[in-house]
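Protein chains in written order, with my numbering: chain A, 63 to 520; chain B, 63 to 520. These notes concern the structure reproduced below.
There are 2 protein chains.
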Amino acid sequence: MEDKKIPYKIYLEEGEMPKQWYNVRADMKNKPEPLLNPGTLQPMTAEELGHVFCDELVKQELDDTTAYIDIPEEIQSFYKMYRPSPLVRAYCLEQKLDTPAKIYYKFEGNNTSGSHKLNSAIAQAYYAKKQGLKGVTTETGAGQWGTALSMACSYFDLDCKVYMVKVSYEQKPFRREVMRTYGASVTPSPSETTAVGRKILQEHPGTTGSLGCAISEAVEAATSTEGYRYVLGSVLNQVLLHQSIIGLETKIALDKYGIKPDIIIGCAGGGSNLGGLVSPFMGEKLRGEADYRIIAVEPASCPSLTRGKFAYDFCDTGKVCPLAKMYTLGSGFIPSPNHAGGLRYHGMSSILSKLYDDGLMEACSVEQTAVFEAAEQFARVEGILPAPESSHAIRVAIDEAMKCKQTGEEKTIVFGLTGTGYFDMVAYEKFHNGEMNDYIPTDEDLKPGFDSLPKVDK
Amino acid sequence: MEDKKIPYKIYLEEGEMPKQWYNVRADMKNKPEPLLNPGTLQPMTAEELGHVFCDELVKQELDDTTAYIDIPEEIQSFYKMYRPSPLVRAYCLEQKLDTPAKIYYKFEGNNTSGSHKLNSAIAQAYYAKKQGLKGVTTETGAGQWGTALSMACSYFDLDCKVYMVKVSYEQKPFRREVMRTYGASVTPSPSETTAVGRKILQEHPGTTGSLGCAISEAVEAATSTEGYRYVLGSVLNQVLLHQSIIGLETKIALDKYGIKPDIIIGCAGGGSNLGGLVSPFMGEKLRGEADYRIIAVEPASCPSLTRGKFAYDFCDTGKVCPLAKMYTLGSGFIPSPNHAGGLRYHGMSSILSKLYDDGLMEACSVEQTAVFEAAEQFARVEGILPAPESSHAIRVAIDEAMKCKQTGEEKTIVFGLTGTGYFDMVAYEKFHNGEMNDYIPTDEDLKPGFDSLPKVDK
Numbered sequence: 063m064e065d066k067k068i069p070y071k072i073y074l075e076e077g078e079m080p081k082q083w084y085n086v087r088a089d090m091k092n093k094p095e096p097l098l099n100p101g102t103l104q105p106m107t108a109e110e111l112g113h114v115f116c117d118e119l120v121k122q123e124l125d126d127t128t129a130y131i132d133i134p135e136e137i138q139s140f141y142k143m144y145r146p147s148p149l150v151r152a153y154c155l156e157q158k159l160d161t162p163a164k165i166y167y168k169f170e171g172n173n174t175s176g177s178h179k180l181n182s183a184i185a186q187a188y189y190a191k192k193q194g195l196k197g198v199t200t201e202t203g204a205g206q207w208g209t210a211l212s213m214a215c216s217y218f219d220l221d222c223k224v225y226m227v228k229v230s231y232e233q234k235p236f237r238r239e240v241m242r243t244y245g246a247s248v249t250p251s252p253s254e255t256t257a258v259g260r261k262i263l264q265e266h267p268g269t270t271g272s273l274g275c276a277i278s279e280a281v282e283a284a285t286s287t288e289g290y291r292y293v294l295g296s297v298l299n300q301v302l303l304h305q306s307i308i309g310l311e312t313k314i315a316l317d318k319y320g321i322k323p324d325i326i327i328g329c330a331g332g333g334s335n336l337g338g339l340v341s342p343f344m345g346e347k348l349r350g351e352a353d354y355r356i357i358a359v360e361p362a363s364c365p366s367l368t369r370g371k372f373a374y375d376f377c378d379t380g381k382v383c384p385l386a387k388m389y390t391l392g393s394g395f396i397p398s399p400n401h402a403g404g405l406r407y408h409g410m411s412s413i414l415s416k417l418y419d420d421g422l423m424e425a426c427s428v429e430q431t432a433v434f435e436a437a438e439q440f441a442r443v444e445g446i447l448p449a450p451e452s453s454h455a456i457r458v459a460i461d462e463a464m465k466c467k468q469t470g471e472e473k474t475i476v477f478g479l480t481g482t483g484y485f486d487m488v489a490y491e492k493f494h495n496g497e498m499n500d501y502i503p504t505d506e507d508l509k510p511g512f513d514s515l516p517k518v519d520k
Numbered sequence: 063m064e065d066k067k068i069p070y071k072i073y074l075e076e077g078e079m080p081k082q083w084y085n086v087r088a089d090m091k092n093k094p095e096p097l098l099n100p101g102t103l104q105p106m107t108a109e110e111l112g113h114v115f116c117d118e119l120v121k122q123e124l125d126d127t128t129a130y131i132d133i134p135e136e137i138q139s140f141y142k143m144y145r146p147s148p149l150v151r152a153y154c155l156e157q158k159l160d161t162p163a164k165i166y167y168k169f170e171g172n173n174t175s176g177s178h179k180l181n182s183a184i185a186q187a188y189y190a191k192k193q194g195l196k197g198v199t200t201e202t203g204a205g206q207w208g209t210a211l212s213m214a215c216s217y218f219d220l221d222c223k224v225y226m227v228k229v230s231y232e233q234k235p236f237r238r239e240v241m242r243t244y245g246a247s248v249t250p251s252p253s254e255t256t257a258v259g260r261k262i263l264q265e266h267p268g269t270t271g272s273l274g275c276a277i278s279e280a281v282e283a284a285t286s287t288e289g290y291r292y293v294l295g296s297v298l299n300q301v302l303l304h305q306s307i308i309g310l311e312t313k314i315a316l317d318k319y320g321i322k323p324d325i326i327i328g329c330a331g332g333g334s335n336l337g338g339l340v341s342p343f344m345g346e347k348l349r350g351e352a353d354y355r356i357i358a359v360e361p362a363s364c365p366s367l368t369r370g371k372f373a374y375d376f377c378d379t380g381k382v383c384p385l386a387k388m389y390t391l392g393s394g395f396i397p398s399p400n401h402a403g404g405l406r407y408h409g410m411s412s413i414l415s416k417l418y419d420d421g422l423m424e425a426c427s428v429e430q431t432a433v434f435e436a437a438e439q440f441a442r443v444e445g446i447l448p449a450p451e452s453s454h455a456i457r458v459a460i461d462e463a464m465k466c467k468q469t470g471e472e473k474t475i476v477f478g479l480t481g482t483g484y485f486d487m488v489a490y491e492k493f494h495n496g497e498m499n500d501y502i503p504t505d506e507d508l509k510p511g512f513d514s515l516p517k518v519d520k
């Protein structure tokens with residue numbers, strides 16, 4: 063009963079907020095492999111990366127020794143609009159499960175972009191503005207990242223060009239309109255506005271587009287237009303650095319009440335949320351100061367960590383971006399169209415891939431009907447309607463809590479609730495109507511992806 | 063600069079949270095008029111009301127003398143899941159407007175129902191559960207209230223039957239699916255499940271329904287089913303009582319920093335948000351302890367306070383509910399279908415109507431394109447995507463702040479930001495595409511509504 067003193071929601075005061083990001087690479091003995099130039103297969107230089115990304119972000123991308131990097135004041139100011147995010151004690155869920163486990167979740171959905179993506183969007187927009195750029199380009203699928211970037215660019219009065227996969231542009235008009243509310247120009251991809259778009263339209267008339275194609279258009283638009291750079295919402299080292307704010311806030315809130323987690327769980331697509339959440343805890347683990355079980359949860363239909371290969375691969379299906387060493391299903395891998403739960407990226411952040419390969423974290427995969435069951439159960443007792451992506455972590459948190467019920471162990475479980483599901487009701491509808499199927503790719507299904515891996519002697 | 067010490071967001075600690083609701087009627091010298099039985103035209107008795115509403119809620123509805131009513135512990139526990147809501151200092155908006163005014167807003171949108179409606183839904187569900195009922199029925203238009211009630215019923219394991227206007231059920235499937243996620247049964251209205259529904263379907267085959275019809279069906283379903291009662295999300299005295307939590311939290315937060323507002327602004331449909339926000343401030347005004355300008359903002363297309371009559375009228379267009387003395391356009395008034403901004407109710411809470419008639423508050427009306435301009439301006443600097451309803455208050459807050467810019471006055475403005483606009487993107491899309499029209503009804507347009515007023519000698 064003593065721990066009833068812990069409030070439902072722990073909010074940090076403004077004075078308690080982190081003022082520096084934490085760069086987990088600084089504490090890794092085995093550093094993640096560098097990005098390679100796809101032409102020369104040599105590590106990308108700062109100069110080469112500077113054609114695509116802002117200078118300061120290139121620095122962050124390549125810096126694997128500085129542990130703490132100051133968060134610029136302007137970004138701290140913007141954070142005040144929607145941060146700190148609450149660390150919530152899931153009292154109601156614990157009671158419903160009748161488990162001795164103590165469950166906490168860090169909720170990143172209380173902002174208009176609806177997810178943690180805003181944490182990196184604002185940082186990338188800030189550095190673009192500081193460099194005197196006119197604007198940035200990016201791609202978006204369902205629109206979560208595009209929305210976050212639109213908000214960030216609107217704040218810094220920066221032009222924002224979003225290439226949105228055409229099928230989403232047409233079938234998911236709501237996120238498109240949110241982006242337009244924030245002043246972004248949203249172009250359905252493939253489009254006539256880029257050479258690569260025109261080529262694809264000529265070769266595949268009537269195509270509804272793909273994320274890979276949208277990336278290629280966004281990169282071309284950035285590199286061919288004076289005063290523009292390209293920005294990406296996941297996978298990159300710089301993104302995990304910005305997202306470390308999630309884990310840092312979590313750790314301060316837990317420390318404040320003397321709580322030590324046993325298990326930390328996060329969903330993993332490209333790795334931005336998981337990497338951000340676990341960074342400071344992983345740091346302690348790397349330095350030998352503490353030990354935690356850290357679990358990455360991915361969809362069974364897109365199992366990059368649990369069934370992928372640790373290899374150099376293209377970051378995009380259009381093969382215009384540098385090569386990264388990561389757990390990957392191959393850039394040619396296409397997730398089943400009936401997969402409704404997001405987290406469709408073929409690869410995984412190089413940092414997380416390395417940590418996983420070194421045995422410092424676990425990974426598991428879950429099927430989508432079980433994910434939506436957990437989502438609904440969570441919504442009904444905790445009030446928040448979770449995004450399908452986030453619900454992967456809920457699934458495993460519930461599973462771990464139920465194991466505690468069997469063993470009687472009072473473990474402390476912390477998971478990342480990355481966002482809300484307001485724009486995912488089509489998936490929920492499928493689930494309610496019993497129209498949702500599970501899909502686990504066979505080894506045969508995975509073969510074309512693996513065959514698409516580039517030959518790199520590394 | 064001194065006031066920079068005031069944080070962006072003021073959150074109350076759990077120990078600072080109000081433990082009692084405030085009943086503004088207790089301090090009103092001129093009490094609001096009682097509900098009348100539409101048959102006898104006599105004041106409704108507790109017994110009569112008990113057929114429709116829970117006993118405890120009937121008590122609250124009729125009690126105009128008790129100033130403070132304890133919030134049951136169970137409701138306080140639920141509040142912890144999403145309250146306190148933040149009181150936000152709109153530093154970014156102030157800067158953008160370059161105004162000396164200080165702007166604060168109380169943001170009620172950080173819960174899955176997306177609005178303040180949850181404050182009363184949880185109270186009404188609690189009393190239904192306490193009375194040992196099986197469930198409750200209600201109607202919903204676009205679905206905000208229905209969603210809130212579904213969440214509340216799910217928490218107390220109570221059956222929830224929602225009659226949803228058929229056109230919304232079909233065209234706005236997302237809110238319907240949110241309600242289903244929380245276990246509610248959602249029936250398109252008119253339906254075959256009630257006598258009144260069958261009658262309407264026979265007389266008007268192919269009708270897409272109306273809120274009035276949905277109310278009639280919900281009331282019939284409640285009164286004809288053992289163990290059920292009907293609940294309503296606005297207008298009633300009990301709802302304003304529950305919503306006083308908004309104003310009480312606001313006042314505690316302001317007092318904590320020694321802030322005294324000059325102007326308090328809220329949007330007004332049935333009056334639940336405005337009534338809740340202003341109650342404690344109005345109490346001070348009624349007791350002669352302080353003075354505030356209090357402004358109700360309504361859409362020019364549905365101007366019950368600014369152009370309605372202060373008269374007894376039916377609360378529903380189906381004319382099955384008691385009569386209330388209120389500012390009304392007549393239950394036969396139908397707002398223009400091109401009105402996208404919500405707040406379509408023909409009448410106004412009896413409490414607010416009385417206060418307005420006694421000159422204790424002001425009212426003004428605004429046109430919808432101006433409302434969406436304010437919404438977009440607000441979203442771009444403050445981050446939050448506001449509901450169209452809430453944006454009525456934003457419009458007038460900005461207008462008042464701009465007056466301060468002209469006069470140089472450093473007024474403190476507080477407004478209610480009732481909710482988020484995630485499910486209103488169709489309206490935003492119309493606005494972005496320049497397809498939104500303003501509509502101000504002519505006196506001729508208002509005539510059928512006024513002609514529908516019942517003849518009551520009071």
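Don't be surprised by glycine CBs; every beta carbon is placed ideally from N, CA and C. On a predicted model such as this, the values are computed, not experimentally measured, just so you know.
Residue i classed as buried or exposed, judged by whether at least 16 other C-beta atoms fall within 10 angstroms
i, result
"Gly-239(B)", "Here the sequence assigns Glu to residue 239(B), which means Gly is not the residue at that position. It counts as buried."
"Val-281(B)", "buried"
"Arg-87(B)", "buried"
"Gly-370(B)", "buried"
"Asn-92(A)", "exposed"
"Glu-64(A)", "Note on Glu-64(A): pLDDT 44, under 50, position unreliable in the model; the coordinate value appears next. When all chains shown are included, Glu-64(A) counts as exposed."
"Met-344(A)", "buried"
"Val-518(A)", "exposed"
"Ile-262(B)", "buried"
"Gln-264(A)", "exposed"
"Lys-71(B)", "buried"
"Gln-305(A)", "buried"
"Gly-445(B)", "buried"
Cβ distance (whole Å) where residue i is taken to contact residue j below 8 Å
i, j, result
"Ile-325(B)", "Cys-426(B)", "Ile-325(B) to Cys-426(B), Cβ: 12 Å. No contact."
"Gly-403(A)", "Pro-361(A)", "5 Å"
"Leu-336(B)", "Leu-414(B)", "6 Å"
"Gly-62(A)", "Ser-411(A)", "Nothing in the structure corresponds to residue 62(A), since chain A is present only between 63 and 520."
Completely contained alpha helix (DSSP H) runs for the segment 81 to 140 of chain B, where each covers 4 or more residues | Qualifying alpha helix (DSSP H) stretches, in chain order: 108 to 112 and 117 to 124.
Please list the segments of the alpha helix (DSSP H) lying wholly inside the segment 326 to 409 of chain B, counting only runs of 4 or more residues, in order along the chain.
-> DSSP runs (the alpha helix (DSSP H)) wholly in the segment 326 to 409 of chain B: 334 to 348 and 366 to 369.
Which residue spans inside the segment 439 to 501 of chain B form an unbroken alpha helix (DSSP H) run of at least 4?
-> Those alpha helix (DSSP H) runs which fall completely within the segment 439 to 501 of chain B and span 4+ residues are 450 to 469 and 487 to 494.
Three CB pairs or more closer than 8 Å across the segment 148 to 168 of chain A and the segment 110 to 117 of chain A = Note that the segment 148 to 168 of chain A does not touch the segment 110 to 117 of chain A; fewer than 3 beta-carbon pairs, one per stretch, sit closer than 8 Å.
Quick one, which residues of the segment 224 to 244 of chain A are near chain B if we go by CB-CB under 7 Å, in chain order?
-> In summary, the residues of the segment 224 to 244 of chain A whose CB is separated from some CB of chain B by less than 7 Å are Pro-235, Phe-236, Glu-239, Val-240, Arg-242, Thr-243 and Tyr-244, in the order they occur in the chain.
Are there three or more Cβ pairs, one per stretch, closer than 8 Å when the segment 477 to 492 of chain B is compared with the segment 168 to 186 of chain B?
-> Counting Cβ pairs under 8 Å, three or more are found: they touch.
For the 8 Å Cβ check, are there 3 or more pairs between the segment 428 to 441 of chain B and the segment 462 to 469 of chain B?
-> With a cut-off of 8 Å, the segment 462 to 469 of chain B and the segment 428 to 441 of chain B do not count as touching, because too few Cβ pairs lie within range.
Report yes or no: do three or more beta-carbon pairs, one from the segment 124 to 141 of chain B and one from the segment 438 to 454 of chain B, lie closer than 8 Å?
-> The segment 124 to 141 of chain B is not in contact with the segment 438 to 454 of chain B.
Contacting positions in the segment 434 to 453 of chain A - beta carbon closer than 9 Å to chain B = Residues passing the 9 Å Cβ filter: Ala-437, Glu-438, Ala-441, Arg-442, Val-443, Glu-444, Gly-445, Ile-446 and Leu-447.
The segment 161 to 175 of chain A: which residues have C-beta closer than 7 Å to a C-beta of chain B, in chain order?
-> From the segment 161 to 175 of chain A, only Asn-172, Asn-173 and Thr-174 have a Cβ closer than 7 Å to chain B.
Touching by the beta-carbon criterion (3+ pairs, under 8 Å), the segment 148 to 159 of chain A and the segment 181 to 194 of chain A | Not touching, per the Cβ criterion.
Output, in sequence order along the chain, the residues in the segment 333 to 346 of chain B whose CB is closer than 7 Å to any CB in chain A.
-> So the list is empty, because no residue satisfies the distance condition.
On the three-pair Cβ rule with 8 Å, is the segment 222 to 231 of chain B touching the segment 266 to 281 of chain B?
-> Contact holds: three or more Cβ-Cβ distances are below 8 Å.
Looking at C-beta atoms only, is the number of pairs between the segment 311 to 323 of chain A and the segment 139 to 151 of chain A that lie closer than 8 Å three or more?
-> Under the three-pair Cβ rule at 8 Å, the segment 311 to 323 of chain A counts as touching the segment 139 to 151 of chain A.
If contact means a Cβ-Cβ distance below 8 Å, which residues of the segment 409 to 434 of chain A contact chain B?
-> Per Cβ criterion, the list is empty.
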